[in-house]
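In the UniProt record's numbering, the protein residues as written are 1 to 478.
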């Protein structure tokens with residue numbers, strides 16, 4: 001009797017569930033019908049945008065720093081509808097950069113992407129970045145496609161291992177529009193060792209427009225390029241002899257950025273190299289602090305037309321002799337960290353800075369107190385002391401500051417000197433300082449604390465329209 005009652009109740013619930021499921025089915029059908037009607041009669045703004053405006057929206061969808069992905073613009077835009085595909089294909093700005101990680105695509109996909117890209121972007125200069133593993137692609141077919149479209153490339157970046165780069169040797173790329181070339185030799189993960197020197201002779205041909213080259217561990221003598229027309233050269237992990245070779249090889253060079261490798265034996269008596277065209281020089285050096293006895297690159301150079309210098313630790317005497325030897329170049333910008341005895345750095349204010357009449361941007365790292373006092377004194381009262389200076393930055397590392405009191409004293413000296421210079425500019429032929437920075441590099445857990453009274457000078461400068469930063473690189477105290 002009990003089981004019969006239970007079965008009856010279960011049957012009732014089953015029938016009720018069936019009725020509710022039918023109701024739910026009917027509701028879903030009604031919803032779909034209403035959605036279809038809405039799609040028929042509604043007006044969505046995105047569908048009414050003029051192609052020119054839609055094109056601008058597409059350009060803002062780009063993530064130019066990401067590797068190519070089928071779910072990102074511009075490829076995803078080609079699959080939405082026929083109109084979007086037409087607008088995307090007719091928007092050259094969407095196709096101006098192709099970032100390919102080789103090995104992430106099968107061969108058919110890779111060739112299809114290249115054809116889509118180059119056909120759509122043919123009206124605009126193309127930037128191509130190749131990385132990954134070249135050995136994972138159908139090399140003859142890939143290179144044949146790249147050769148066909150190479151004349152449309154204006155900027156080429158290759159980021160491959162030495163083994164991959166060697167695969168390029170049998171091929172040549174006619175690159176009549178190429179203006180920028182960057183080649184980075186990645187360490188091979190299989191052996192974890194530095195790569196052997198790579199030779200790429202006759203790979204890049206017809207590069208009559210090339211002016212900028214950036215190479216890593218590849219010597220100029222190992223790659224065929226029109227060196228006599230290059231104006232900008234960047235190199236990483238070069239030794240002194242190789243840098244001097246670059247300067248002798250490229251008489252047209254205007255800008256040089258070099259990161260020197262670890263090197264202990266540089267003959268200070270070797271002949272100096274003179275380059276009369278170089279205007280901009282950036283010199284970085286691996287582990288320079290541990291090898292201060294090794295002569296700085298400037299020790300070996302004479303650059304009479306240098307306008308901009310950025311470098312790390314450099315002896316005061318090196319800069320002084322370089323300036324004298326070069327006839328006091330027409331510097332406009334200088335960023336240096338001078339090291340030496342206090343009286344030597346103090347002498348910079350007497351023997352070097354008075355000759356920099358055109359200097360308008362100066363950054364000093366870790367100046368000693370005697371040097372800073374002499375510099376700020378000249379800045380505040382002397383009309384002939386860097387009269388064109390507009391931007392001034394002082395930077396310290398917490399390890400180079402003897403005490404909190406020394407830091408505060410330096411900060412106050414700096415602020416007062418800037419204020420005095422701007423007052424001087426009202427009555428004398430000197431420029432007004434428009435941007436000043438006082439930055440302290442701290443360890444991860446350290447906090448910069450400055451008394452409010454020491455910031456008074458800087459608040460006045462801000463009120464006077466000066467761009468001011470006081471604090472760490474990440475945070476300003478003002």
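Beta carbons: idealized from backbone N, C-alpha and C, even for Gly.
Please report the straight-line C-alpha distance between residue i and residue j, rounded to a whole angstrom.
i           : j           : result
residue 222 : residue 430 : 50 Å
residue 302 : residue 269 : 14 Å
residue 84  : residue 201 : 44 Å
residue 383 : residue 421 : 9 Å
residue 233 : residue 243 : 10 Å
residue 438 : residue 329 : 27 Å
residue 468 : residue 251 : 40 Å
residue 267 : residue 144 : 48 Å
residue 476 : residue 412 : 16 Å
residue 118 : residue 355 : 53 Å
residue 246 : residue 220 : 7 Å
residue 360 : residue 312 : 20 Å
residue 424 : residue 458 : 17 Å
residue 350 : residue 381 : 14 Å
residue 104 : residue 203 : 25 Å
residue 62  : residue 114 : 18 Å
residue 111 : residue 227 : 33 Å
residue 181 : residue 432 : 40 Å
residue 199 : residue 454 : 58 Å
residue 443 : residue 470 : 17 Å
residue 404 : residue 377 : 22 Å
residue 254 : residue 307 : 10 Å
residue 261 : residue 51  : 52 Å
residue 36  : residue 93  : 36 Å
residue 331 : residue 325 : 14 Å
residue 184 : residue 336 : 27 Å
residue 17  : residue 81  : 42 Å
residue 4   : residue 20  : 24 Å
residue 542 : residue 374 : Given a span of 1 to 478 for the chain in the structure shown, any question on residue 542 remains unanswerable.
residue 23  : residue 8   : 23 Å
residue 53  : residue 27  : 39 Å
Where do the N-terminal and C-terminal ends of the alpha helix (DSSP H) with residue i fall, by residue?
i           : result
residue 495 : Examination of residue 495 is not possible in this model, given that the chain is present from 1 through 478 alone.
residue 145 : 139-149
residue 28  : 2-41
residue 131 : Unbroken run through residue 131 is the beta strand (DSSP E), 126-132; no alpha helix (DSSP H).
residue 377 : 369-381
residue 83  : 82-89
Round the Cβ separation of residue i and residue j to the nearest angstrom and send it over; I've been treating them as touching at under 8 Å.
i           : j           : result
residue 410 : residue 369 : 7 Å
residue 434 : residue 391 : 7 Å
residue 371 : residue 394 : So it is not a contact: roughly 11 Å between Cβ atoms.
residue 126 : residue 98  : 7 Å
residue 176 : residue 209 : 7 Å
residue 480 : residue 281 : Nothing can be reported for residue 480, as the shown portion of the chain is limited to 1 through 478.
residue 417 : residue 379 : 5 Å
residue 211 : residue 229 : 7 Å
residue 205 : residue 174 : 6 Å
residue 139 : residue 167 : 6 Å
residue 353 : residue 385 : 6 Å
residue 102 : residue 134 : 5 Å
Would you mind reading off the limits of the beta strand (DSSP E) that contains residue i?
i           : result
residue 181 : 180-186
residue 163 : Unbroken run through residue 163 is the alpha helix (DSSP H), 162-166; no beta strand (DSSP E).
residue 559 : Lying before the first or after the last residue shown, residue 559 is absent from the chain, which here runs from 1 to 478.
residue 75  : Where residue 75 is concerned, there is no enclosing beta strand (DSSP E), given that its DSSP letter is neither H nor E.
residue 391 : 391-397
residue 470 : 467-471
residue 255 : 255-260
residue 386 : Per DSSP, residue 386 belongs to no beta strand (DSSP E) and is neither H nor E.
Every unbroken beta strand (DSSP E) within the region 274-361, with a cutoff of 3 residues, ordered by chain
You should have 280-285, 308-315, 333-339.
Secondary structure, alpha helix (DSSP H): runs of 4+ residues fully inside the region 405-459
None, since the region 405-459 contains no complete alpha helix (DSSP H) of that length.
Could you tell me whether the region 209-222 touches the region 269-287, using the rule of 3 or more Cβ pairs below 8 Å?
With the cut-off at 8 Å, the region 209-222 and the region 269-287 do not touch.
With a threshold of 8 Å, are at least 3 pairs of Cβ atoms found where one atom belongs to the region 156-171 and the other to the region 123-133?
Output reads yes: the region 123-133 touches the region 156-171.
Segments assigned beta strand (DSSP E), at least 3 residues, entirely inside the region 194-252:
Runs found: 212-216, 232-238.
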